[in-house]
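Novice:
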Amino acid sequence: MTITAVAPFTRRHLSGLAFCVAALPFALVSPPVLVVLGTDLIWWAADGGRGNPSPAQIAGAGAGAGLLLVLLVSSPAARRLGALQIRLADRLLGTRVALPPPVRRAWPGPRDGTGWRVVAYLLVKLPVGLLQLYAVALWAGGLVNLAYPLIWGAFRNHPPGTRLSPLPVFTPFGWFGDGTFHVTTLPGTFAAAAAGAAMLLVAPWVTRAVTAVDAFLIRGLLGPGRLAQRVHDLETSRALAVDDSAALLRRLERNLHDGAQIRLATVALNLGLARKKLGADGEVEDLAAVRELVGTALLGAKEALGELRDLARGLHPPVLDNGLPDALASLAATSAVPVELEVSIPVRPTPAIETIVYFCAAELLANAAKHSRATRLAVRAAGQRDVLRLSVADDGTGGADPGRGTGLTGLAQRVAVVDGSLRIASPPGGPTRVTVELPLRA
1 MTITAVAPFT RRHLSGLAFC VAALPFALVS PPVLVVLGTD LIWWAADGGR GNPSPAQIAG
61 AGAGAGLLLV LLVSSPAARR LGALQIRLAD RLLGTRVALP PPVRRAWPGP RDGTGWRVVA
121 YLLVKLPVGL LQLYAVALWA GGLVNLAYPL IWGAFRNHPP GTRLSPLPVF TPFGWFGDGT
181 FHVTTLPGTF AAAAAGAAML LVAPWVTRAV TAVDAFLIRG LLGPGRLAQR VHDLETSRAL
241 AVDDSAALLR RLERNLHDGA QIRLATVALN LGLARKKLGA DGEVEDLAAV RELVGTALLG
301 AKEALGELRD LARGLHPPVL DNGLPDALAS LAATSAVPVE LEVSIPVRPT PAIETIVYFC
361 AAELLANAAK HSRATRLAVR AAGQRDVLRL SVADDGTGGA DPGRGTGLTG LAQRVAVVDG
421 SLRIASPPGG PTRVTVELPL RA
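Laid out in structure tokens, this is it:
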């Protein structure tokens, strides 16, 4: 875990302060706190409120507190606490952690690993919460100290005859009371203000450190387990594969119905009319009309063949028969924007992977030419071990957003079907880089 040095008093540090304040209630539901409170309540109830429990009552209180802890884990409350903390970290710290996969039962039971991880997080949250409380106190104490000269000038002798009590000074080491460190003069308030300024300079770094520790714990404990995430990814990819197959069949049916089927029906109609014009005994009533009908039918048949050929090419482009490098070179040669191509694939992928890479490259090149205002494109395809990585970069205006219907969402779904991933880096102003990672074997 690394902590990057950045300037204090930035929006990032203020968001960290807000996270420290908002996350304090999570420390109150830490298992040690719950056990102590539960034990005290059971003692008090068992002894009639007198506070003198017997050993049997103490044992019963401990068992009851443990039961409360098991009930917390067994109930959806633990998952909700974890999900709430994940959303809080995402909103204020920018720490993106996937939510654990949902359970199929309303009451997951004590075997719910996610619930136990939430309890483990809450267990270590108590000391982290104390550090976050200290960070908040640094901000608050520094601001109060910094305001002492203003308080002194505003309220000293106002109204006349009023005398301020000695003002306690906050320090990073606590609140010195009992007359040890108080302000009774105007110069003293400026000394307190200097101490407050020093505290405010230190507070952002303390806040950054404690929020980094909390973010590390959130990533490690509140995110989904590897096995659960793997099962969830497989279920998602299976659903995407089913949806993709259904969409492909619907698209084929629509294209055949609206294209080739209509043209072939027209061909049959024209040939039928031509046969009628030939006459029953073979005599030609209107040779020119027959030739025109046959010519129209021939043209329609050629167009239908062309559409069928395009449909077949959409399923598996013939250029892929020569391998992915030649297919990518064909795309680069026909691109509307100049393309710099680099391909290094020692082992040929399976046909399914080659098809996905080809269509991803075609879609990304088309998007760049249409939306990015780029003058140059760079396409890199490299195979390393069991992973094939396709990268398409442009020098355009950036701002690519999958939610704007540019086809990126569909690409991400198609890639996810074979357990791949798609990453987009496209800040406003550019440049844009889209990276697709796929297994070599599907």
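Numbering (full-length UniProt numbering), first residue to last: 1 to 442.
Where is the CB? At the ideal position from N, CA and C, for every residue including glycine.
This structure is a prediction, so every number in the text was calculated from the model and none was measured.
Rounded to whole angstroms, what's the CA-CA distance from A268 to T355? Just pull it up for me.
Specialist: C-alpha separation (whole angstroms): 36 Å.
Novice: Do you know offhand how far V319's Cα is from A332's?
Specialist: The straight-line gap from Cα to Cα measures roughly 13 Å.
Novice: Quick one: residues in its chain with C-beta nearer than 7 Å to the C-beta of R96, no 5 flanking neighbours on either side, listed in chain order?
Specialist: Excluding residues within five positions, the ones whose Cβ falls inside 7 Å are D90.
Novice: Please state if the CB of A374 and the CB of G399 are separated by a distance shorter than 7 Å.
Specialist: No.
Novice: Taking C-beta to C-beta, are V213 and V128 nearer than 7 Å?
Specialist: Yes, these two residues count as a Cβ contact at 7 Å.
Novice: Can you tell which of R414, P149, A368 has its C-alpha closest to the C-alpha of S426?
Specialist: Per the Cα distances, A368.
Novice: K276: buried (16+ other C-beta within 10 angstroms of its C-beta) or exposed?
Specialist: Answer is exposed; the Cβ neighbour count stays below 16.
Novice: Under the assumption that L99 contacts F19 (Cβ atoms under 8 Å), give the Cβ distance between them as a whole number of angstroms.
Specialist: Actually they do not touch by this definition, with Cβ atoms about 18 Å apart.
Novice: If we call anything under 7 Å between Cβ atoms a contact, is W152 one with L186?
Specialist: Contact flag set, yes.
Novice: In whole angstroms, what separates the C-alpha of Q132 from that of P25?
Specialist: Between Q132 and P25, the C-alpha separation is close to 11 Å.
Novice: Can you list, in chain order, the residues of its chain with a C-beta nearer than 6 Å to that of S15? Leave out the 5 residues immediately preceding and following it.
Specialist: Once the five neighbours on either side are set aside, the close Cβ partners of S15 are L92.
Novice: Compute the Euclidean distance between the alpha carbons of A115 and V136, then round it to the nearest angstrom.
Specialist: Note that residue 115 corresponds to Gly in the displayed sequence, not to Ala. Looking at the two C-alpha atoms, the distance is approximately 29 Å.
Novice: Compute the Euclidean distance between the alpha carbons of P439 and V418, then round it to the nearest angstrom.
Specialist: Each residue's Cα considered, the two are about 8 Å apart.
Novice: Alpha helix (DSSP H) containing L217: first to last residue?
Specialist: Where L217 is concerned, the enclosing alpha helix (DSSP H) stretches over 186 to 217.
Novice: Is it buried or exposed, N322, if we count other Cβ atoms within 10 angstroms and call 16 or more buried?
Specialist: Result: exposed.
Novice: Tell me whether S335 sits in a helix, a strand or coil according to DSSP, three-state version.
Specialist: Residue state, collapsed to three classes: coil.
Novice: Express the C-alpha separation of W139 and T432 in angstroms, rounding to a whole number.
Specialist: So the alpha carbons of these two residues sit roughly 40 Å apart.
Novice: Between H371 and the ligand HEM, is the CB less than 6 Å from at least one heavy atom?
Specialist: Only the bare structure without any ligand can be found here, which leaves the ligand HEM out of the picture.
Novice: By the three-class DSSP mapping on this structure, what secondary structure does T409 have?
Specialist: Three-state DSSP puts T409 in a helix.
Novice: Suppose the cutoff is 6 Å on Cβ atoms and the five residues either side in sequence are ignored; what does the same chain contact list for S421 look like?
Specialist: Result list for S421: E437, in chain order.
Novice: Leaving out the 5 sequence neighbours to the left and right, which residues in its chain are closer than 7 Å to H13 when beta-carbon positions are compared?
Specialist: Only P204, T207, R208 meet the Cβ criterion.
Novice: Comparing C-alpha positions only, which one of Q261, S335, D401 sits nearest to E303?
Specialist: That would be Q261, whose Cα lies nearest to the Cα of E303.
Novice: Determine the contact status of K125 and A215, defining contact as a CB-CB distance below 7 Å.
Specialist: No, the Cβ-Cβ distance between K125 and A215 is not below 7 Å.
Novice: Sorted by chain position, which residues of the same chain lie with C-beta nearer than 6 Å to A382's C-beta, five sequence neighbours on each side aside?
Specialist: Excluding sequence neighbours, A382 sits near S344, R389.
Novice: Please say whether R380 and S372 have beta carbons closer to each other than 7 Å?
Specialist: No, they are not a contact pair.
Novice: Tell me, which residues are paired with L377 by DSSP?
Specialist: According to DSSP, L377 bridges with V339, D394.
Novice: To the nearest angstrom, how far is the alpha carbon of P149 from that of M199?
Specialist: Those two C-alpha atoms are separated by around 16 Å.
Novice: Spatial neighbours of D386 within its chain, please: CB distance less than 8 Å, with the 5 preceding and 5 following residues excluded, ordered by chain position.
Specialist: Excluding sequence neighbours, D386 sits near P439, L440, R441.
Novice: To the nearest angstrom, how far is the alpha carbon of T266 from that of R250?
Specialist: Cα to Cα, the separation comes out at about 23 Å.
Novice: How close, in whole Å, do the beta carbons of T409 and R423 come, if the pair is a contact with beta carbons under 8 Å?
Specialist: Actually they are not in contact, since the Cβ atoms of T409 and R423 sit about 14 Å apart, beyond 8 Å.
Novice: Could you spell out the range, first to last residue, of the alpha helix (DSSP H) harbouring I262?
Specialist: Note, I262: alpha helix (DSSP H), 261 to 278.
Novice: Which partner residues does R389 have in the DSSP bridge list?
Specialist: Partner(s): A382, E437.
Novice: Within 10 angstroms of its Cβ, does G94 collect 16 or more other Cβ (buried), or is it exposed?
Specialist: Exposed, since its Cβ has fewer than 16 Cβ neighbours within 10 Å.
Novice: Whole angstroms are fine: how far does the CA of L123 sit from the CA of R348?
Specialist: Each residue's alpha carbon lies about 50 Å from the other.
Novice: Straight-line CA distance for A297 to Q384?
Specialist: Rounded to whole angstroms, A297 to Q384 spans 53 Å at the Cα level.
Novice: Measure how close the beta-carbons of L328 and L341 come, nearest whole angstrom, since I'm counting them as under 8 Å.
Specialist: The pair is a contact, with the Cβ atoms about 6 Å apart (cut-off 8 Å).
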